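K.L.:
Got a structure for you, written out below as structure tokens; questions coming shortly.
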Amino acid sequence: MDAKIADFGLSRAIPSDDHSDVIITTVMGTVGYLDPEYFNSRKLNEKSDVFSFAIVLLELITGQNAIIKKDESIHIVHWVSPLIEREDIGSIVDRRLHGEFDVRSAWRALQVAMACTRPKSLHRATMSTVLTELNQCLAMELSHNRETKERFSEEIYSGSYHSSEVCSTSTASYSITTLFA
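1 is the number of the first residue of the sequence shown in full-length UniProt numbering; add one for each residue after it.
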């Protein structure tokens, strides 16, 4: 996997005092990550970063770019929304995972991302809520990996598993905060 980090659309840090909005005359942002509310208000706030983070999260879940270029360019939020309505998780999650993921974890991560992309910043999730939810997604995924590993071990022991390759997964206990500390 190649790690790629893009800027989140803010060219200056938000002051640490009690100001919730900052007026910036020049915003250096990447198309697709910038809070759409900014285009009307010309103001950025902490929920602008929440929106940008959600776009990165959607990219990680789907394996798509923020702007998907096929016949026409479409924003990842507009691409994923109808698939969510159809409950088509198989078409949403990155195909490179070959179905090896916990469906509950994937749906929950999608719900978190979509809660962060609501049009009005006031209605978006907070980063503390996002952190809590993503830690729960991680716990579900680790549990799924542990169960998969145990099932493979049982199949191999009983002789019912006939592949020459066995996937090894870590069952170590991590949290999002320890992964990014």
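Backbone N, C-alpha and C fix where the C-beta goes; we use that ideal spot for every residue, glycine too.
Source: prediction; values computed, not measured.
(1) Can you give me the start and stop residues for the beta strand (DSSP E) that K69 sits inside?
(2) Give every residue of the same chain whose Cβ lies closer than 6 Å to the Cβ of A125, excluding the five residues on either side of it in the sequence, and list them in chain order.
(3) Taking 7 Å as the limit between beta carbons, can you name the residues of its chain near P36, skipping five residues before and five after?
(4) Look at the alpha carbon of L57 and the alpha carbon of A113, and state the distance between them as a whole number of angstroms.
(5) Measuring CA to CA, which of S41, R42, L110 is closest to L83?
(6) Report the three-state DSSP secondary structure of H98 (helix, strand or coil).
(7) Roughly how many angstroms separate the alpha carbons of G99 and E46, rounded to a whole number?
P.N.:
Looking at the atomic coordinates:
(1) Position 69 of the sequence shown holds residue 69. K69 -> beta strand (DSSP E) spans 67-69.
(2) Sequence index remark: in the sequence shown, residue 125 carries index 125 (1-based). Only A115, C116 meet the Cβ criterion.
(3) The residue you call residue 36 lines up with position 36 of the sequence shown. Same-chain partners within the cutoff: P119.
(4) As a working note, residue 57 is residue 57 in the sequence shown. As a working note, residue 113 is residue 113 in the sequence shown. Using only the alpha carbons, I get a separation of about 6 Å.
(5) Position 83 of the sequence shown holds residue 83. Nearest of S41, R42, L110 to L83, Cα basis: L110.
(6) Indexing the sequence shown from 1 puts residue 98 at position 98. It is coil, neither helix nor strand.
(7) In the sequence shown, the residue the question calls residue 99 occupies position 99. In the sequence shown, the residue the question calls residue 46 occupies position 46. Roughly 35 Å separates the two Cα atoms.
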